[in-house]
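Q: Below is one structure. I have some questions about it.
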Amino acid sequence: MASVAAMPTFSSFPRNGTTTRIFTKSNLAVRQVPAIKAVGSEKTMEELYSITVERQVSPERLVELGVSKWSVWKTGKCRLPWDWQADQLVYIEEGEVRVVPEESERYMSFVAGDLIRYPKWFEADLWFNDFYQERYSFRAFGDDY
């Protein structure tokens, strides 16, 4: 009679140095062992989705990019499903946005003073808790910012 051994998936390993229970077939006992902790392997949400962020952008940088000439968009409290058909550069002038990528339970938070580049084909729900205003510019592939 053949036996089948099931291997755990990476998502079933606990994180952050917690312990996990190991069941042994020989005695069906439970023993505590240190959890596996990957060093430096977890990426930020921004890295996972190829989003670049500059926090608290200087006035000189804004002038260099010509942000004052970009289009303005504003909203109040709402949820907005969005998909980017082109790379978009966004400078948040006022407020905060929480960006929840499609099929994710985690979010990224961006606030006034942040400069964000969203990649083409990125899809997410945007959550605004209060007044929000941004300046934006669509970019062609390969445009530097």
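Using the numbering used here, read the sequence shown as starting at 1 and increasing by one per residue. Virtual Cβ for every residue (Gly too), placed ideally from N, Cα, C.
(1) Under the DSSP definition of a beta bridge, which residues are partnered with Ile92?
(2) Can you tell me the Cβ-Cβ gap for Leu89 and Ser137, rounded? I've got them flagged as a contact below 8 Å.
(3) Ordered along the chain, which non-local residues of its own chain (more than five positions away) have a Cβ less than 8 Å from that of Gln56?
(4) Looking at C-alpha atoms only, which residue of Glu47, Gly95, Arg61 and Met45 is the closest neighbour of Trp73?
(5) For Gln133, which residues in the same chain have their Cβ closer than 7 Å to its Cβ, ignoring the five residues on either side in sequence?
(6) I'd like to check one pair, Pro101 with Ala124: are the Cβ atoms closer than 8 Å?
(7) Pull the bridge partners of Lys77 from the DSSP assignment, please.
(8) Where does Val63 sit, in a helix, a strand or coil, going by DSSP?
(9) Since Val57 sits in a beta bridge, which residues does DSSP pair it with?
(10) Provide the residue(s) that pair with Tyr118 in DSSP beta bridges, ordered along the chain.
(11) To the nearest whole angstrom, what separates the beta carbons of Lys77 and Asn129, a pair I think is in contact under 8 Å?
(12) So what does DSSP say about Ser71, is it helix, strand or coil?
A: Well, looking at it:
(1) Here residue 92 refers to the residue found at position 92 when the sequence shown is read from its first residue. Its beta-bridge partners are Glu134.
(2) Reading the sequence shown from its first residue, position 89 is the one you call residue 89. Reading the sequence shown from its first residue, position 137 is the one you call residue 137. At roughly 5 Å, the Cβ-Cβ gap stays under 8 Å, so Leu89 and Ser137 are in contact.
(3) Numbered from its first residue, the sequence shown carries residue 56 at position 56. Only Gly113 and Asp114 meet the Cβ criterion.
(4) Counted from its first residue, the sequence shown places residue 73 at position 73. Of the listed residues, the one whose Cα sits closest to Trp73 is Gly95.
(5) Stepping through the sequence shown from its first residue, residue 133 is reached at position 133. Taken in chain order, the residues that qualify are Val72, Lys74, Glu93, Glu94 and Gly95.
(6) Residue 124 sits at position 124 when you count from the first residue of the sequence shown. Residue 101 sits at position 101 when you count from the first residue of the sequence shown. In this structure, Pro101 lies closer than 8 Å to Ala124 by Cβ.
(7) Taking the first residue of the sequence shown as 1, we reach residue 77 at position 77. Looking at the DSSP assignment, Lys77 forms no beta bridge with any residue, so it has no partner.
(8) Within the sequence shown, numbered from 1, the residue matching residue 63 stands at position 63. Correct three-state label for Val63: helix.
(9) Translated into the one-based positions of the sequence shown, residue 57 becomes position 57. Note: Val57 sits in no beta bridge, so no partner.
(10) Against the sequence shown, residue 118 aligns to sequence position 118. Partner(s): Gln88.
(11) Mapped onto the sequence shown, residue 77 falls at position 77. Mapped onto the sequence shown, residue 129 falls at position 129. Contact holds; Cβ gap of about 6 Å.
(12) As a first step, residue 71 is located in the sequence shown; it is residue number 71 there, counting from the start. DSSP places Ser71 in strand when its eight states are reduced to three.
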